[in-house]
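The structure appears below as structure tokens.
Residue numbers (my numbering): 1 to 132.
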């Protein structure tokens, strides 16, 4: 159960903060909804799900998961447009999509940094200047 004096979790032989854990968990959660990807990430998803469900006990957990899921879905959706093989995108469209991906990544980085500071966990060398 995470609290303000909690130590970072040791995952994958390194210490990860709460922000990084929830970010990775929600990315796996998204991948589980995509049939052609789900079978490849199922084991990792179940391990991360167990980590989150059994070790993180904070009142705002579901709200944080929802926030990460929403921002990661937007990034996924925008990047899928860039990878769409059905048509050629104009330079202006590519630039617009890239800018929007950058904005959502900035939100994601700030959310991770805020959680790591709030719960005194993980890497403190977060990206600060995201150009926004």
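Just so it is clear, CB atoms sit at the ideal spot from N, CA and C, and this is done for glycine as well.
Quantities reported herein were computed from a predicted structural model and do not represent experimental measurements.
Check your understanding: In the structure shown, what three-state DSSP assignment does residue 28 receive?
Key -> By 1-based counting over the chain shown, the position of residue 28 is 28. Residue 28: helix per DSSP, three-state reduction.
Review point. In chain order, what residues of the same chain lie with their CB nearer than 8 angstroms to the CB of residue 44, ignoring the 5 residues before and after it?
Key: Here residue 44 refers to the residue found at position 44 of the chain shown. Correct list, in chain order: 28.
Check your understanding: If we call anything under 8 angstroms between Cβ atoms a contact, is residue 64 one with residue 16?
Key -> Residue mapping note: residue 64 aligns to position 64 of the chain shown, counting from 1. Residue mapping note: residue 16 aligns to position 16 of the chain shown, counting from 1. In this structure, residue 16 does not lie closer than 8 angstroms to residue 64 by Cβ.
Check your understanding: How many angstroms separate the CA atom of residue 39 from the CA atom of residue 76?
Key -> Looking up residue 39 in the chain shown gives position 39. Looking up residue 76 in the chain shown gives position 76. Distance between the alpha carbons of residue 39 and residue 76: 18 angstroms.
Point to revise | Segments of 4+ residues assigned as alpha helix (DSSP H) that fall wholly inside the region 29-87 | key: 35-55, 61-83
Practice item. Could you pull the start and end residues of the alpha helix (DSSP H) that residue 110 belongs to? Key: The residue given as residue 110 occupies position 110 in the chain shown. Element bounds for residue 110: 91-118.
Point to revise | Sequence-distant residues of its chain with Cβ nearer than 6 angstroms to residue 19 (five each side left out) | key: To locate residue 19, count along the chain shown from 1; it is residue 19. Once the five neighbours on either side are set aside, the close Cβ partners of residue 19 are 112, 115, 116.
Point to revise | C-alpha distance - residue 24 paired with residue 68, whole-angstrom precision | key: Numbered from 1 along the chain shown, position 24 holds the residue referred to as residue 24. Numbered from 1 along the chain shown, position 68 holds the residue referred to as residue 68. When rounded, the distance between both Cα atoms is 9 angstroms.
Practice item. Under the assumption that residue 72 contacts residue 108 (Cβ atoms under 8 angstroms), give the Cβ distance between them as a whole number of angstroms. Key: On the chain shown, residue 72 is found 72 positions in, with the first residue counted as 1. On the chain shown, residue 108 is found 108 positions in, with the first residue counted as 1. About 7 angstroms; that satisfies the 8 angstroms criterion.
Review point. Sorted by chain position, which residues of the same chain lie with C-beta nearer than 8 angstroms to residue 26's C-beta, five sequence neighbours on each side aside?
Key: If you number the chain shown from 1, residue 26 lands on position 26. Excluding sequence neighbours, residue 26 sits near 65, 68, 69, 72.
Review point. Cβ of residue 97 within 8 angstroms of Cβ of residue 110?
Key: Translated into positions along the chain shown, residue 97 becomes position 97. Translated into positions along the chain shown, residue 110 becomes position 110. For residue 97 and residue 110, no; Cβs fall outside 8 angstroms.
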